[in-house]
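**Student:** Take a look at this one; I'll ask things after.
In my numbering, the protein residues as written are 1087 to 1742.
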């Protein structure tokens, strides 16, 4: 047979390559991949290895070679061309093909020569569900099977998923794999795989004092979109029953893609899906709240909204400034002026400038609603718009200021955003109609209720004088307003007398946190005042306040000792702990009163003194004998289990 010649595709080659060169792999171009035990002897595995080009030939180039080199008669023999094509394949391509086709024998021969990552081969086999190939690979190789398990899950091969999932050792890796499998199974509509993976997916794993958390909504978000697009109703239903998902977003997508079965499913599930507010949720209202106009239009056109529901949806859309949804619902008709006025007020209360301006320009809003909206505005933009656009009475401006300052019984429950509230406060404080008296009362009220943002916002006003601050400060301390006390402590207008009064009031009212803050200012307080505050704290049982003050060197040792002795005699363990300080209470005092503590059976105090300022062995011995003589079992048990006593002491001591 005449040999046909073709130009070699090897870079830099000038000579022609004959069909014999291609088919027989002539010595000049032949590079056979073999695994040698040494240079002189082949191993047993070499006999089983498949001869092939080391680097292989790309698919397009192989096709050119075969068509250019082989005569039509040979090209017609598909089994011949397929075999030649297989021999010319790059190693990884050959392995992938063998894995996908389930060619176990061929795969084993190829793996003898392969030095790369076997996990990639397993991924190819898993994606095709080739169980025999997977078993063959796992019998001889160990690798991370996570990616292969995910590939199997993406194609719905449950048996392969189970096998590969079993070989994942790490708890964290298993959980990661489970979530990934859930995602690909969801995206491709494989319900059984999804159910299996869900059983093995944990939302939180505690391992080695660390918490690893997975959020279902974020893990499955993209996959869920694919499931909706694919119309996988069973998959969506399973996920709805298993996790808390964004049904509004899902319904919106289903409407856009005309997935009617999924729309019906979500609509039916929604009323009982999220009941944390104590009442059934309404999909129509929630879609309007999220500004999903197309979904709202669908429900309206499908007659799923009553007049009352449409009104609630309109108010919800106004609160969040979704003007497109608002415009559609207005055009639907049936909205009363009462509903529109309510929507205007609620939009203002929520700080929605878009909703407020839309309704103000579009509709005739009742005068009382404009006033109510200004008084309870939840955003500075709303306040300024209504102030500049409409005529607001002085009384309403004052009310709005007081609401922003949280003064008295406000109707400003929606004024939760501190930043916006303070902007409104400062804006209105500069209006001439707000008197110094109104500002002063608001400041005093805020200081007494620990409204730090209001105090800080008003502190720079001219009417907030030195006298007012020093008058307000002790009352704030007495009320336990720690944040306000800490803030005002840095004000240069605060006097030493006010600090002293505040400390006395704080300890007398048991405000330990405030007392702790004020201890940093004790250098401004007279010693006699400080000692009196300490005595008041002891008297009122304010242990935390006592602990804060006891280390101050101006509290006399006599005062501390007297308080300590009284606490010991009463068996007040909390106060004993608060007062105890080795530097301020002598060992003689401890030893002197230890016996009386044992005599009175104050076990907690005994333990505290034992471990913190141990009396001498002689004192302990007397106490032990005394406890034994009294039949005080808990005291004997405690002192008898320590290692201080002589071994023979217990012999003569018996409980009566």
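For every residue, glycine included, the Cβ atom is placed at its ideal position computed from N, Cα and C. All values derive from a computational prediction rather than experimental measurement.
1. Is DSSP giving residue 1443 helix, strand or coil here?
2. Measuring alpha carbon to alpha carbon, tell me which residue in 1414, 1387, 1416 and 1375 is nearest residue 1403.
3. Thinking C-beta only, is residue 1369 closer than 9 angstroms to residue 1414?
4. How far does the alpha helix (DSSP H) with residue 1517 in it reach, from first residue to last?
5. Just confirm the distance between the C-beta atoms of residue 1574 and residue 1580, as a whole number of angstroms; I'd bet it's less than 8 angstroms.
6. Rounded to whole angstroms, what is the Cα-Cα separation between residue 1628 and residue 1584?
7. Just curious, the alpha helix (DSSP H) that residue 1334 is in, first and last residue?
8. Are residue 1380 and residue 1442 touching if we call contact CB-CB under 9 angstroms?
9. Roughly how many angstroms lie between the CA atoms of residue 1483 and residue 1514, to the nearest whole one?
10. Within 10 angstroms of the Cβ of residue 1551, are there 16 or more other Cβ atoms? Answer buried if so, exposed if not.
11. Going straight from the alpha carbon of residue 1437 to that of residue 1507, what length do you get?
12. What whole-angstrom Cβ distance do residue 1595 and residue 1564 have, given they're in contact under 8 angstroms?
13. Whole angstroms is fine: what's the gap from residue 1350's alpha carbon to residue 1445's?
14. Within the same chain, show all residues whose beta-carbon is closer than 6 angstroms to that of residue 1490, passing over the 5 residues directly before and after it, in chain order.
15. Please classify residue 1516 as buried or exposed, where buried requires at least 16 neighbouring CB atoms within 10 angstroms.
16. Give, in chain order, every unbroken run of the alpha helix (DSSP H) that is at least 4 residues long and sits entirely within the region 1145-1216.
17. Among 1160, 1159 and 1209, whose alpha-carbon lies nearest the alpha-carbon of residue 1181?
18. Check whether the Cβ atoms of residue 1566 and residue 1592 lie closer than 9 angstroms to each other.
19. Looking only at its own chain, which residues have a Cβ that is under 6 angstroms from the Cβ of residue 1109, when we skip the five neighbours before and after it?
20. For a test of the three-state rule: what should DSSP assign to residue 1309, helix, strand or coil?
21. Using 9 angstroms as the threshold, is the C-beta distance between residue 1638 and residue 1605 below it?
22. I need the straight-line Cα distance from residue 1346 to residue 1466, nearest angstrom please.
23. Starting from residue 1646, trace the alpha helix (DSSP H) in both directions and tell me its first and last residue.
24. By a C-beta neighbour count over all protein chains shown, 10 Å radius and 16 as the cutoff for buried, is residue 1546 buried or exposed?
25. Check whether the Cβ atoms of residue 1152 and residue 1161 sit closer than 9 angstroms, and answer yes or no.
26. Under a three-way DSSP split, which group does residue 1122 fall into?
27. Given a cut-off of 9 angstroms on the beta-carbon distance, is the pair residue 1474 and residue 1456 in contact?
28. Could you check whether residue 1644 and residue 1621 sit closer than 9 angstroms to each other, using their CB atoms as the reference points?
29. Measure the alpha-carbon distance for residue 1556 versus residue 1571 and round it to whole angstroms.
30. Under 8 angstroms by Cβ, that's how I've got residue 1525 and residue 1544 pegged, so tell me the actual separation to the nearest angstrom.
31. In three-state DSSP terms, what is residue 1477?
32. Starting from residue 1269, follow the alpha helix (DSSP H) in both directions and report where the run begins and ends.
33. DSSP state of residue 1390, grouped into three classes?
34. Let me check understanding here. Comparing Cα to Cα, which of 1238, 1253, 1254 and 1289 lies closest to residue 1267?
35. Do residue 1211 and residue 1270 count as a contact pair if the criterion is CB distance below 9 angstroms?
**Tutor:** Result, derived from the coordinates:
1. Counted from its first residue, the chain shown places residue 1443 at position 357. Residue 1443 falls in the helix class under three-state DSSP.
2. Taking the chain shown and counting its residues from 1, the one referred to as residue 1403 is at position 317. Ranking 1414, 1387, 1416 and 1375 by Cα distance to residue 1403 puts 1375 first.
3. The count along the chain shown starts at 1 and reaches residue 1414 at position 328. The count along the chain shown starts at 1 and reaches residue 1369 at position 283. Contact: no.
4. Taking the first residue of the chain shown as 1, we reach residue 1517 at position 431. That residue, residue 1517, is in no alpha helix (DSSP H); it is neither H nor E in DSSP.
5. The residue given as residue 1574 occupies position 488 in the chain shown. The residue given as residue 1580 occupies position 494 in the chain shown. The Cβ separation is near 6 angstroms, so the contact holds.
6. Taking the first residue of the chain shown as 1, we reach residue 1628 at position 542. Taking the first residue of the chain shown as 1, we reach residue 1584 at position 498. So the two alpha carbons sit approximately 21 angstroms from each other.
7. Within the chain shown, residue 1334 is the residue found at index 248, counting from 1. First-last of the alpha helix (DSSP H) with residue 1334: 1333-1342.
8. Taking the first residue of the chain shown as position 1, residue 1380 is located at position 294. Taking the first residue of the chain shown as position 1, residue 1442 is located at position 356. Against a cut-off of 9 angstroms, the Cβ pair of residue 1442 and residue 1380 comes out as no contact.
9. As a first step, residue 1483 is located in the chain shown; it is residue number 397 there, counting from the start. As a first step, residue 1514 is located in the chain shown; it is residue number 428 there, counting from the start. Those two C-alpha atoms are separated by around 7 angstroms.
10. Numbered from 1 along the chain shown, position 465 holds the residue referred to as residue 1551. It is exposed - the Cβ of residue 1551 has fewer than 16 other Cβ atoms within 10 Å.
11. Along the chain shown, one-based indexing puts residue 1437 at 351. Along the chain shown, one-based indexing puts residue 1507 at 421. Using only the alpha carbons, I get a separation of about 10 angstroms.
12. As a working mapping, residue 1595 is identified with position 509 in the chain shown. As a working mapping, residue 1564 is identified with position 478 in the chain shown. Confirmed, about 5 angstroms.
13. Taking the first residue of the chain shown as position 1, residue 1350 is located at position 264. Taking the first residue of the chain shown as position 1, residue 1445 is located at position 359. Taking the straight line from one Cα to the other gives about 33 angstroms.
14. As a first step, residue 1490 must be located in the chain shown, where it is residue number 404. Correct list, in chain order: 1507, 1510 and 1511.
15. Taking the chain shown and counting its residues from 1, one reaches residue 1516 at position 430. By the 10 Å Cβ count, residue 1516 comes out exposed.
16. 1145-1155, 1158-1161, 1164-1174, 1177-1187, 1190-1199 and 1204-1213
17. As a first step, residue 1181 is located in the chain shown; it is residue number 95 there, counting from the start. Checked all of 1160, 1159 and 1209; the closest Cα to residue 1181 is 1209.
18. For the purposes of this step, residue 1566 is taken as the residue at position 480 of the chain shown. For the purposes of this step, residue 1592 is taken as the residue at position 506 of the chain shown. It is a contact, given that the beta carbons lie within the stated cut-off.
19. Residue mapping note: residue 1109 aligns to position 23 of the chain shown, counting from 1. Only weak support exists for where residue 1109 lies, its pLDDT of 48 falling under 50; the value from the coordinates is given anyway. Excluding sequence neighbours, residue 1109 sits near nothing in its chain.
20. Residue 1309 sits at position 223 when you count from the first residue of the chain shown. Helix at residue 1309.
21. Position 552 of the chain shown, counted from the start, is the residue given in the question as residue 1638. Position 519 of the chain shown, counted from the start, is the residue given in the question as residue 1605. A contact, by the Cβ cut-off of 9 angstroms.
22. Indexing the chain shown from 1 puts residue 1346 at position 260. Indexing the chain shown from 1 puts residue 1466 at position 380. Answer to the nearest angstrom: the Cα atoms are 43 angstroms apart.
23. For the purposes of this step, residue 1646 is identified with residue 560 of the chain shown, where counting begins at 1. Start and end: 1643-1656.
24. For the purposes of this step, residue 1546 is identified with residue 460 of the chain shown, where counting begins at 1. Counting Cβ neighbours within 10 Å, residue 1546 comes out exposed, since fewer than 16 surround it.
25. Walking along the chain shown from the start, residue 1152 turns up at place 66. Walking along the chain shown from the start, residue 1161 turns up at place 75. Yes, the Cβ-Cβ distance between residue 1152 and residue 1161 is below 9 angstroms.
26. Numbered from its first residue, the chain shown carries residue 1122 at position 36. Because residue 1122 sits at a pLDDT of 36, beneath the cut-off of 50, its placement in the model cannot be relied upon, and the following sentence gives the value as read from the coordinates. The answer is strand: DSSP assigns residue 1122 an E or B state.
27. To locate residue 1474, count along the chain shown from 1; it is residue 388. To locate residue 1456, count along the chain shown from 1; it is residue 370. Not closer than 9 angstroms, so no.
28. Position 535 of the chain shown, counted from the start, is the residue given in the question as residue 1621. Position 558 of the chain shown, counted from the start, is the residue given in the question as residue 1644. No, the pair does not count as a contact, with Cβ atoms beyond the cut-off.
29. In the chain shown, counting from the first residue as 1, residue 1556 sits at position 470. In the chain shown, counting from the first residue as 1, residue 1571 sits at position 485. Going from the Cα of residue 1556 to the Cα of residue 1571 covers about 11 angstroms.
30. Along the chain shown, one-based indexing puts residue 1525 at 439. Along the chain shown, one-based indexing puts residue 1544 at 458. Residue 1525 to residue 1544, Cβ: 6 angstroms. Contact.
31. Translated into positions along the chain shown, residue 1477 becomes position 391. In this structure, residue 1477 counts as coil in the three-state DSSP scheme.
32. What you label residue 1269 is simply residue 183 of the chain shown in a count that begins at 1. Unbroken alpha helix (DSSP H) run through residue 1269: 1257-1274.
33. One-based indexing of the chain shown puts residue 1390 at position 304. Correct three-state label for residue 1390: coil.
34. Counting from one through the chain shown, the residue named residue 1267 turns up at place 181. Considering only alpha carbons, the answer is 1238.
35. Working through the chain shown from its first residue, we reach residue 1270 at position 184. Working through the chain shown from its first residue, we reach residue 1211 at position 125. No, Cβ-Cβ distance for residue 1270 and residue 1211 is not below 9 angstroms.
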